[in-house]
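**Q**
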Amino acid sequence: MAISLKPEHLERYKNIGLLFWKYGRSDIVKLSGVEKVFDEENHPKNLEGDSKPEQLAKDLEKMGPIYIKLGQLLSTRNDLLPAEYIEALTHLQDNIHPFSFEEAEQAVQDELGVRLSKGFSFFEATPLASASLGQVHRAILRDGRNVVVKIQRPGIRQQIAGDLEALEDIAAFLDNHTEYGKNAHFILVLDEFRRSLARELDYEHEAKNLLEIGENLKSFEAIIVPEPVKDYTTGKILTMDFIRGKKVTSLGPLAHMEIDGIRLAEELFKAYLKQILVDGVFHADPHPGNVFVTEDNRIALLDLGMVGRISQAMQEKLLKLLLAVSEGNSDAAGDIAIEIGRVRDDFDEIGFRQKLAATIEEEQGANLEDIQIGSSMLTYSRYANESGLDMPSELTLVSKTLLNLDIVGRTLDPTFKPNDSIRRNASDIMQQRFAKSLSPSNLFSSLIETKEFVREMPGRINKILDALSKNQFKVKIDYGEEATFIDGFQKIANRIATALVLAALIIGASLLMRIETPFQLFGYPGFAIILFLIAAGGAMWLLIDIVLNDRSRKRLNKK
99 MAISLKPEHL
109 ERYKNIGLLF
119 WKYGRSDIVK
129 LSGVEKVFDE
139 ENHPKNLEGD
149 SKPEQLAKDL
159 EKMGPIYIKL
169 GQLLSTRNDL
179 LPAEYIEALT
189 HLQDNIHPFS
199 FEEAEQAVQD
209 ELGVRLSKGF
219 SFFEATPLAS
229 ASLGQVHRAI
239 LRDGRNVVVK
249 IQRPGIRQQI
259 AGDLEALEDI
269 AAFLDNHTEY
279 GKNAHFILVL
289 DEFRRSLARE
299 LDYEHEAKNL
309 LEIGENLKSF
319 EAIIVPEPVK
329 DYTTGKILTM
339 DFIRGKKVTS
349 LGPLAHMEID
359 GIRLAEELFK
369 AYLKQILVDG
379 VFHADPHPGN
389 VFVTEDNRIA
399 LLDLGMVGRI
409 SQAMQEKLLK
419 LLLAVSEGNS
429 DAAGDIAIEI
439 GRVRDDFDEI
449 GFRQKLAATI
459 EEEQGANLED
469 IQIGSSMLTY
479 SRYANESGLD
489 MPSELTLVSK
499 TLLNLDIVGR
509 TLDPTFKPND
519 SIRRNASDIM
529 QQRFAKSLSP
539 SNLFSSLIET
549 KEFVREMPGR
559 INKILDALSK
569 NQFKVKIDYG
579 EEATFIDGFQ
589 KIANRIATAL
599 VLAALIIGAS
609 LLMRIETPFQ
619 LFGYPGFAII
629 LFLIAAGGAM
639 WLLIDIVLND
649 RSRKRLNKK
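Position in the sequence shown (from 1) plus 98 gives the number in the working numbering.
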């Protein structure tokens, strides 16, 4: 059953159909009925083009704002696209032609309820930058404060609503009629996309992000986040401090000589570690266009519409994973990855661990310029997905953030080592996490849990005692071969018994040492010395037995 081709969405169906056809899914186009919207002259069969990953990013840019944002979302979903496409979409550019100054002026006046000449002493007609959802103009408030005004693109909400409706038709069809869709759950992906877009379209939400992250990073003297102007901010207009500076990637050789790139790279990476691993909220789009070097040689973080959030439990696991990777401990990294992910029925644990170990070992011996922690994290996630282990989308978003951060860090300091920075800052991060755990809210939460535990303890103890009195108490042990389990248990029991006997001999010898007897050895009571010698011999025998048994067990395991 094909999708219903609504007349108002024909152009959208055509663009989406071309995209599927060009990148190898013409079967979906034919099955869905979208092929009907093509005419003979512009049928995709007659079109030739480049279908490389980089071209997909360019095609999405041409298709419009919502497809740019969709590409950015897909760059966090390595379960839907191959690694080379994920990396290409990570560098997706969000620069499109600006709308007119007349439209910008009208939008500001409608939202703020005041004429430009009344609200601002200066308002630049030419925008500083233009993106898919809005554009930015420089201005000066009546009190002399230098600001920039971010104006939402007129009609963008209606355009996005229509695009989402067309995408929802196709997503529902794919989920219901294709095996690929049933596994990918495109409707759920689209719901996530809709929520993400709603947050980005709400400039008051972005203003809160600026305040929150600015507050969290206030201890970093080299990092600055612009502060919003509350009275000049609405859902469609965001006014914030104007920061003088240049994009990191636009700095020339002379400018690089004037800045302390080593310090800035370290400070920037440390700030992101704090955001991700301590605060749980981080600037998720630090591509070079959103990171400026200011005139006073600081780093400015701009465009906080896209912000990621991580739970405390995930922060703990992510910190362990980053430390394991930075130290080259592939076994620990594999354990943590399996703990973080969702294991599918077809999970190949041995294959996953082998790929992970090989890659981490290779990175440990790689040249400095070849190590990129963000790219490495995306690679690990791809290995997991290929092996039947689904990693959470938060991890992929963190990986994408670190990938962009790698680029910025190396631009500031070509010798910057992310892994070394993680190890250097691990202790400080742990201290900050501990201090955060002692906050009043966390302490009250712990007290509440303790109260619940104490309140329920008598009832639980009564249940255990009742089960014991009725001979209904059972202990379940999961083990492999019964004979092997019993044999191992007996060996442990024998070693414990031997150790107790030896301890008793030593205690007895110590007590006899105080009793003077005619029989002496080496000037001490003879019976006490004999007991000491027996205990020493038994201890040596026990240690030798333990070492020999452990070595033989290792040799058997290797075979």
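Even for Gly, the Cβ is constructed at its ideal location relative to N, Cα and C.
Can you tell me whether Pro623 is buried or exposed? The criterion is at least 16 other CB atoms within 10 Å of its CB, across all chains shown.
**A** Taking the first residue of the sequence shown as 1, we reach residue 623 at position 525. Flag for Pro623 reads buried.
**Q** So, is Gln529 buried or exposed, given that buried needs 16 or more other C-beta atoms within 10 angstroms?
**A** Indexing the sequence shown from 1 puts residue 529 at position 431. Exposed, because fewer than 16 other Cβ atoms sit within 10 Å of the Cβ of Gln529.
**Q** Are the CB atoms of Phe367 and Ile374 within a distance shorter than 7 Å?
**A** If you number the sequence shown from 1, residue 374 lands on position 276. If you number the sequence shown from 1, residue 367 lands on position 269. No.
**Q** By alpha-carbon positions, which one of Val287, Ile562 and Arg251 ends up nearest to Leu299?
**A** For the purposes of this step, residue 299 is identified with residue 201 of the sequence shown, where counting begins at 1. Looking at the Cα atoms, Arg251 is the closest of the given residues.
**Q** Below 7 Å between beta carbons: does that hold for Ala155 and Leu187?
**A** For the purposes of this step, residue 155 is taken as the residue at position 57 of the sequence shown. For the purposes of this step, residue 187 is taken as the residue at position 89 of the sequence shown. In contact: Ala155 and Leu187 (Cβ atoms closer than 7 Å).
**Q** Quick check on DSSP: helix, strand or coil for Leu609?
**A** Here residue 609 refers to the residue found at position 511 of the sequence shown. In this structure, Leu609 counts as helix in the three-state DSSP scheme.
**Q** In the DSSP output, which residue or residues are listed as bridge partners for Gly232?
**A** If you number the sequence shown from 1, residue 232 lands on position 134. Beta-bridge pairing links Gly232 to Gln250.
**Q** Is the beta carbon of Ser485 closer than 7 Å to that of Phe450?
**A** For the purposes of this step, residue 450 is taken as the residue at position 352 of the sequence shown. For the purposes of this step, residue 485 is taken as the residue at position 387 of the sequence shown. The answer is yes: Cβ separation under 7 Å.
**Q** In this structure, does DSSP put Ala237 in helix, strand or coil?
**A** In the sequence shown, residue 237 corresponds to position 139, counting from 1. Three-state DSSP puts Ala237 in a strand.
**Q** What is the DSSP secondary structure of Glu467, counted as helix, strand or coil?
**A** Start at 1 with the first residue of the sequence shown, and residue 467 comes out as number 369. With a pLDDT of only 49 at Glu467, under 50, the local geometry of the prediction cannot be trusted, and no value is derived from it.
**Q** So what does DSSP say about Phe390, is it helix, strand or coil?
**A** Residue 390 sits at position 292 when you count from the first residue of the sequence shown. Strand, per DSSP.
**Q** Taking buried to mean at least 16 other C-beta atoms within 10 Å of its own C-beta, is Met555 buried or exposed?
**A** Looking up residue 555 in the sequence shown gives position 457. Exposed, by the Cβ-count rule.
**Q** When the distance is taken between beta carbons, is Ile357 closer than 7 Å to Asp261?
**A** Taking the first residue of the sequence shown as position 1, residue 261 is located at position 163. Taking the first residue of the sequence shown as position 1, residue 357 is located at position 259. For Asp261 and Ile357, no; Cβs fall outside 7 Å.
**Q** Between which two residues does the beta strand (DSSP E) carrying Ser219 extend?
**A** In the sequence shown, residue 219 corresponds to position 121, counting from 1. First-last of the beta strand (DSSP E) with Ser219: Phe218 to Phe221.
**Q** Please state whether DSSP places His303 in a helix, a strand or coil.
**A** Taking the sequence shown and counting its residues from 1, the one referred to as residue 303 is at position 205. In the structure shown, His303 sits in a helix (DSSP, three-state: H, G or I).
**Q** Could you give the DSSP three-state label for Asn244: helix, strand or coil?
**A** Working through the sequence shown from its first residue, we reach residue 244 at position 146. In this structure, Asn244 counts as strand in the three-state DSSP scheme.
**Q** Nearest-angstrom Cα distance between Arg407 and Tyr301?
**A** On the sequence shown, residue 407 is found 309 positions in, with the first residue counted as 1. On the sequence shown, residue 301 is found 203 positions in, with the first residue counted as 1. Distance between the alpha carbons of Arg407 and Tyr301: 18 Å.
**Q** Just tell me which of Asn517, Thr347, Lys418 and Ile438 has its CA closest to the CA of Pro384.
**A** Position 286 of the sequence shown, counted from the start, is the residue given in the question as residue 384. Residue Thr347 is the option with its Cα nearest to Pro384.
**Q** Hey, Ala269 and Ile285: beta-carbon distance below 7 Å or not?
**A** Taking the first residue of the sequence shown as 1, we reach residue 269 at position 171. Taking the first residue of the sequence shown as 1, we reach residue 285 at position 187. It is a contact, given that the beta carbons lie within the stated cut-off.
**Q** Tell me His381's beta-bridge partners as DSSP assigns them.
**A** Residue 381 sits at position 283 when you count from the first residue of the sequence shown. His381 pairs with Val405.
**Q** Around the Cβ of Arg297, are there at least 16 other Cβ atoms within 10 angstroms (buried) or fewer (exposed)?
**A** Taking the first residue of the sequence shown as 1, we reach residue 297 at position 199. The residue in question, Arg297, is exposed, as its Cβ has fewer than 16 Cβ neighbours within 10 Å.
**Q** Between which two residues does the beta strand (DSSP E) carrying Thr337 extend?
**A** In the sequence shown, residue 337 corresponds to position 239, counting from 1. Per DSSP, Thr337 belongs to the beta strand (DSSP E) from Ile335 to Asp339.
**Q** On a CA-only basis, which of Gly507, Val206, Ala431 and Leu609 is nearest Lys334? Give me that one, please.
**A** Taking the first residue of the sequence shown as 1, we reach residue 334 at position 236. When each option's Cα is compared against that of Lys334, the closest is Val206.
**Q** Of the choices Gln256, Gln233, Arg255 and Ile254, whose alpha-carbon is the least far from that of Val246?
**A** On the sequence shown, residue 246 is found 148 positions in, with the first residue counted as 1. Nearest C-alpha to Val246: Gln233.
**Q** State the Cα-Cα distance for the pair Gly217 and Thr513, rounded to the nearest angstrom.
**A** Numbered from 1 along the sequence shown, position 119 holds the residue referred to as residue 217. Numbered from 1 along the sequence shown, position 415 holds the residue referred to as residue 513. For Gly217 and Thr513, the distance between alpha carbons rounds to 47 Å.
**Q** Starting from Ile397 and walking both ways along the beta strand (DSSP E), at which residues does that stretch end?
**A** Here the question's residue 397 lines up with position 299 in the sequence shown. From DSSP, the beta strand (DSSP E) with Ile397 extends over Ile397 to Leu399.
**Q** Among the residues of its own chain, which have a CB less than 7 Å from the CB of Asp273, if the five just before and after it don't count?
**A** Working through the sequence shown from its first residue, we reach residue 273 at position 175. Closer than 7 Å at Cβ, skipping near neighbours: Gly279, Lys280, His283, Phe284 and Ile285.
**Q** Take the Cβ of Leu500 as the centre, count every other Cβ of all protein chains shown within 10 Å, and call the residue buried at 16 or more, exposed below.
**A** Looking up residue 500 in the sequence shown gives position 402. Classification for Leu500: buried.
**Q** Take Tyr370 and list the residues in its own chain whose beta-carbon comes closer than 8 Å to its own, dropping the five residues that flank it on each side.
**A** The residue you call residue 370 lines up with position 272 of the sequence shown. Around Tyr370: Phe380, His381, Pro384, Thr499, Leu500 and Leu503.
**Q** Going by C-alpha distance, which of Glu447, Thr509 and Met338 is nearest His354?
**A** Within the sequence shown, numbered from 1, the residue matching residue 354 stands at position 256. Of the candidates Glu447, Thr509 and Met338, the one whose C-alpha sits nearest the C-alpha of His354 is Thr509.
**Q** Flag this pair as yes or no: are the beta carbons of Ala482 and Met475 separated by less than 7 Å?
**A** Here residue 482 refers to the residue found at position 384 of the sequence shown. Here residue 475 refers to the residue found at position 377 of the sequence shown. No, they are not a contact pair.
**Q** What residue from Thr596, Leu619 and Asp377 has the CA that sits closest to Lys534's CA?
**A** Translated into the one-based positions of the sequence shown, residue 534 becomes position 436. When each option's Cα is compared against that of Lys534, the closest is Asp377.
**Q** In whole angstroms, what is the alpha-carbon distance linking Val423 and Leu454?
**A** The residue you call residue 423 lines up with position 325 of the sequence shown. The residue you call residue 454 lines up with position 356 of the sequence shown. When rounded, the distance between both Cα atoms is 10 Å.
**Q** In the DSSP output, what is Arg440 paired with across the bridge?
**A** Mapped onto the sequence shown, residue 440 falls at position 342. Paired residue(s): Asp488.
**Q** Could you spell out the range, first to last residue, of the alpha helix (DSSP H) harbouring Gly169?
**A** Here residue 169 refers to the residue found at position 71 when the sequence shown is read from its first residue. Run containing Gly169: Pro163 to Leu172, per the alpha helix (DSSP H) assignment.
**Q** Take the Cβ of Glu460 as the centre, count every other Cβ of all protein chains shown within 10 Å, and call the residue buried at 16 or more, exposed below.
**A** Looking up residue 460 in the sequence shown gives position 362. With fewer than 16 other Cβ atoms within 10 Å, it is exposed.
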